[in-house]
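Peer 1: Below is one structure. I have some questions about it.
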Amino acid sequence: MTSKVADPQFTAEERLRLYTIAQVIEMGLLPYTERTLKIACNQKRIPHTLINRKIRFRLADIYAAQEMCAVNPGTRGRRRAAA
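Shown next as structure tokens:
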């Protein structure tokens, strides 16, 4: 069975709320340190929003980043025997 989990439903206020890097780290929403998260955002590897040159995250950005971190064991190939 390969079904994707349905996206959670949020109110308009929840969808528009912005979180700082410190808030995201404090709540444990992403598996990064503050410095690593800043670097990843600056390299455009993680979705985010810039407001007055400050990095902010919407819930949609956080869920997208979590999906990017997900690993599907079924997609990994077998290891080859050492020669």
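Start counting the sequence shown at 9; every next residue gets the next number (this note's numbering). We put the beta carbon where it would ideally sit given N, CA and C, even for glycine. A quick note: this is a predicted structure, and the numbers were derived from the prediction, not measured.
Measuring CA to CA, which of Ala20, Thr19, Ala73 and Pro55 is closest to leucine 37?
Peer 2: The shortest Cα separation from leucine 37 among Ala20, Thr19, Ala73 and Pro55 belongs to Ala73.
Peer 1: Just the Cα atoms here: how many angstroms apart are alanine 48 and threonine 19?
Peer 2: Whole-angstrom Cα-Cα distance: 28 angstroms.
Peer 1: Following a CB-centred definition, is arginine 66 positioned closer than 7 angstroms to any heavy atom of the ligand ADP?
Peer 2: Ligands are entirely absent from the displayed structure, and the ligand ADP is therefore not among its contents.
Peer 1: CA-CA distance, arginine 61 and valine 79?
Peer 2: Roughly 32 angstroms between the two C-alpha positions.
Peer 1: Which residue from Gln31, Glu21 and Gln17 puts its Cα closest to that of phenylalanine 65?
Peer 2: Checked all of Gln31, Glu21 and Gln17; the closest Cα to phenylalanine 65 is Gln31.
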